[in-house]
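Residue numbers (this note's numbering): 50 to 256.
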């Protein structure tokens, strides 16, 4: 996993990546744009006896969210760090890198930072709007303190319900608790969970 090889498919030069955005056992084939159509046709022809089926980006977005995979600009903004996303493993402790100075700022260690979490609406059919603000109490006089917001929200055929990803203040300390999203005319309750909803052991990814 996470390896790259230079290769050829027929006479088409490709760079083969053993990575996955869907969370399934997957590979990515990169090729110069001139060869794009030829590579697509070759892959589809080779996969036809196996029942190969293309799928679109909307389906991919659901699959990646089930696995807790982020989209930069959707789960992130200019304030979010790898640590907030549970991705401290990407930050090198052995060599310099762009952004290293920012990692030394005291703000990075603040205990009240927003963390990436999962949300399961108590009503399994309730779809939280992306961007919905989150509060800790279902009722209260304004102004109400907002502790986070929904970054992605989908219906999942695999889970048989709706689910969401969110950035939540002290999110990792709130696992198992309930937060609320005030919407027009009603309030949606949701349970805070880990951001990975499917195949947490990576059995399918590594099969």
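Beta carbons are placed, not taken as given, at the ideal position from N, Cα and C, and that holds for glycine.
All figures in this text were calculated on a predicted structure; none of them were measured in a lab.
Straight-line Cα distance separating residue j from residue i
i           : j           : result
residue 197 : residue 82  : 41 Å
residue 216 : residue 124 : 7 Å
residue 133 : residue 163 : 6 Å
residue 206 : residue 248 : 15 Å
residue 222 : residue 199 : 17 Å
residue 186 : residue 126 : 26 Å
residue 170 : residue 241 : 9 Å
residue 213 : residue 79  : 31 Å
residue 189 : residue 68  : 46 Å
residue 167 : residue 74  : 23 Å
Helix, strand or coil at residue i [DSSP, three-state]
i           : result
residue 57  : strand
residue 85  : helix
residue 97  : helix
residue 52  : coil
residue 149 : helix
residue 137 : helix
residue 112 : helix
residue 126 : coil
residue 289 : The chain is shown from 50 up to 256; residue 289 falls before or after that span and cannot be answered.
residue 174 : coil
Cross-strand partners of residue i (DSSP beta bridge)
i           : result
residue 218 : 163
residue 64  : 55 and 79
residue 201 : 214
residue 229 : 184 and 238
residue 192 : Beta-bridge pairing links residue 192 to no other residue.
residue 168 : 213 and 241
Reference residue i, options the options, closest by Cα
i           : options            : result
residue 105 : 99, 98 and 113     : 113
residue 135 : 155, 93 and 117    : 117
residue 115 : 71, 102, 79 and 91 : 71
residue 155 : 130, 246 and 146   : 130
* Between the stretch 230 to 237 and the stretch 177 to 185, are three or more C-beta pairs nearer than 8 Å? -> Short answer: they touch.
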